[in-house]
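Quick notes on the structure that follows.
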Amino acid sequence: MSNLITQDKHELAKVLSRINALTQNQPVAPVPIVDAPSSDIPVLTEVYVGEAVAGVVTAQARSGVPTLNEEVTIDSVVSEDLVDRLLLEMAPKIKSLVKDAVMQELVNAKKTVVPRLEKEVMQLLRQHLEAVLKQ
0 MSNLITQDKH ELAKVLSRIN ALTQNQPVAP VPIVDAPSSD IPVLTEVYVG EAVAGVVTAQ
60 ARSGVPTLNE EVTIDSVVSE DLVDRLLLEM APKIKSLVKD AVMQELVNAK KTVVPRLEKE
120 VMQLLRQHLE AVLKQ
């Protein structure tokens, strides 16, 4: 038993020493300063001219995807017939969703309105009976 406790303390000491070693502030090496651009360092403003870029441009041209320079008109994309067909197709689902929403609101309203009405009716009935009995 005491051997286990000693072993646990020894492992704890190891972990704590590792944490101390990691958290101590050690000097960070400064970033080297380069006075003049070297031929080894690429300049980011250079323009790449090669086959890879030309391949991408020609692939985009062949795909038929409109670019920013091409004008896309609404008439070419959407017609009135398409809009009518979409509305007819969506109408049953919209009606169903509206009906479900109304039914849910009725359930919620019933939870609050029914107890209030019952309370008011009971109060009015009590007042009426008290008035009749006093006469």
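Quick note on numbering that gives the first Met the number 0: the sequence shown kicks off at 0 and runs consecutively.
A virtual CB, placed ideally from N, CA and C, is assigned to each residue, including glycine.
Nothing here was measured: the structure is a model prediction, and the numbers come from that model.
For residue i, which residues in the same chain have their Cβ closer than 6 Å to its Cβ, ignoring the five residues on either side in sequence?
{"i": "Arg115", "result": "none"}
Using the three-state DSSP reduction, which class does residue i fall into: helix, strand or coil?
{"i": "Thr44", "result": "coil"}
{"i": "Ser135", "result": "Because the chain in this structure spans residues 0 to 134, residue 135 falls outside the shown range and cannot be described."}
{"i": "Ser78", "result": "coil"}
{"i": "Gln23", "result": "coil"}
{"i": "Gln134", "result": "coil"}
Leaving aside the five residues before and after residue i along the sequence, list all residues of the same chain whose C-beta is less than 7 Å from its C-beta, in chain order.
{"i": "Met102", "result": "none"}
Would the C-beta of residue i count as close to the ligand HEM, meaning under 6 Å from any of its heavy atoms?
{"i": "Ser16", "result": "Absent from the structure shown: the ligand HEM. Ligands present: none."}
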